[in-house]
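These notes are about the structure you will find just below.
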Amino acid sequence: LNSLSTHTHTHTTTTRLMKDSLFQECVEQAELALSEKEVAIGCVFYNTQTNEIIARGRNSVNASKNATRHAEMNCIDDTLRWCHDNQLEPDDLWPQLDVYVTCEPCIMCARILRNLKFNCVYYGCSNERFGGCRSVLNVANDDKIIKEKKLEFVYGIRERETINLLKTFYSAENLNAPDGLRKVKKPRLDLGTKTTITTTTEANNT
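Read in order, the letters of the sequence shown correspond to residues 31 to 236 in the working numbering.
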């Protein structure tokens with residue numbers, strides 16, 4: 031019994047450290063986005079079967095002048111290239127992947143992740159304006175909206191830190207705004223948000 035307990039504790043600790051490491055990768059991507067004058071959101075796709083990172087991405091909306099170039103979308107494109115290089119079918123890979131991202135996926139990204147049948151999404155702060163997992167519209171696992179496999183999610187990971195990254199971006203001047211319309215943005219996020227890690231099941235019961 032003691033041996034089993036020790037093994038379980040070791041496994042749990044290892045899993046937690048691994049997830050911490052993966053989320054740190056997301057934070058680093060978000061910091062890179064911030065340095066590039068992009069919305070500070072970073073993302074990682076992790077293969078739960080092979081224990082490897084398949085893709086890293088960050089927002090590139092301003093650089094690309096394309097409003098769809100979110101961190102998740104860039105990771106999807108990188109994964110498609112990875113599958114091509116490794117002669118694998120993307121549809122066989124998606125269900126093996128976990129998504130780690132610093133901010134709740136928007137409605138567009140959440141819909142695509144569910145459609146592709148990703149395994150689970152782990153994210154930091156909520157997206158009160160465009161969130162597609164629970165904040166605005168729950169396209170991730172609401173059967174009334176979509177009749178497909180639910181997209182499980184866990185939220186509230188390093189929430190305060192991910193909020194602060196976004197506040198830093200929104201407090202700076204938007205150099206991509208037209209001349210004459212540039213102004214200092216005011217932070218739109220509330221640091222008073224509860225900083226807890228919550229699972230899909232808990233979210234559905236609130």
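Built from N, CA and C at the ideal position, the CB exists for glycine as well.
Under 6 Å Cβ to Cβ from residue i, same chain only, skipping five residues before and after it: list those, please.
| i | result |
| --- | --- |
| leucine 195 | Ala60, Ala70 |
| serine 156 | Glu134, Ser165 |
| lysine 49 | none |
| valine 151 | Val129, Phe183 |
Can you grab the Cα-Cα spacing for the pair residue i / residue j, in whole Å?
| i | j | result |
| --- | --- | --- |
| cysteine 105 | glycine 154 | 17 Å |
| tyrosine 76 | arginine 159 | 27 Å |
| leucine 125 | leucine 143 | The amino acid at residue 125 is misidentified as leucine; the sequence shows proline. Cα to Cα, the separation comes out at about 10 Å. |
| glutamate 232 | threonine 78 | Residue placement at glutamate 232 is flagged as unreliable, the pLDDT there being 44, under the threshold of 50; the coordinate-derived value follows with that caveat. The alpha-carbon atoms of glutamate 232 and threonine 78 are separated by roughly 23 Å. |
| leucine 123 | threonine 80 | 11 Å |
| cysteine 163 | asparagine 116 | 31 Å |
| cysteine 56 | lysine 174 | 31 Å |
| tyrosine 185 | isoleucine 137 | 16 Å |
| isoleucine 176 | glutamate 66 | 36 Å |
| lysine 180 | glutamate 82 | 24 Å |
| threonine 45 | serine 51 | 10 Å |
| lysine 95 | leucine 118 | 31 Å |
Excluding the five sequence neighbours on either side, which residues of its own chain have a C-beta within less than 7 Å of the C-beta of residue i, listed in chain order?
| i | result |
| --- | --- |
| methionine 103 | Cys139 |
| leucine 110 | Pro120 |
| serine 90 | Glu68, Arg99, Asn104 |
| glutamate 178 | Arg144, Asn145 |
| tryptophan 112 | Ile84, Ala85 |
| histidine 114 | none |
Is residue i near residue j, with beta carbons less than 8 Å apart?
| i | j | result |
| --- | --- | --- |
| alanine 85 | aspartate 108 | yes |
| valine 129 | phenylalanine 148 | yes |
| asparagine 168 | glutamate 182 | no |
| glycine 87 | alanine 97 | no |
For residue i, which residues of its own chain have a beta-carbon under 8 Å away from its beta-carbon, when the five flanking residues on both sides are left out?
| i | result |
| --- | --- |
| leucine 47 | none |
| leucine 64 | Ala70, Leu195, Thr198, Phe199 |
| glutamate 58 | Gly72 |
| arginine 141 | Gly162, Val169, Ile176 |
| leucine 8 | Nothing can be reported for residue 8: it is not among the residues displayed for the chain, which extend from 31 to 236. |
| leucine 15 | Residue 15 lies beyond the range of the chain shown here (31 to 236); nothing can be said about it. |
| glutamate 191 | Val57, Gly154 |
Mind checking if residue i is an interface residue toward chain D, Cβ cutoff 8 Å exclusive?
| i | result |
| --- | --- |
| glycine 154 | Here there is only one protein chain, and chain D is not present. |
I think residue i touches residue j, with their Cβ atoms under 8 Å apart; what is that distance to the nearest whole Å?
| i | j | result |
| --- | --- | --- |
| isoleucine 187 | phenylalanine 53 | 6 Å |
Of all the beta strand (DSSP E) runs that stay within the bounds of the stretch 133-205, which reach a length of 3 or more residues? 150-155, 182-185
What runs of the beta strand (DSSP E), each 3 residues or longer, lie entirely inside the stretch 39-81? 72-77
Considering only residues of the stretch 103-137, which uninterrupted beta strand (DSSP E) runs meet the minimum length of 3 residues and lie entirely inside it, listed in chain order? 127-133
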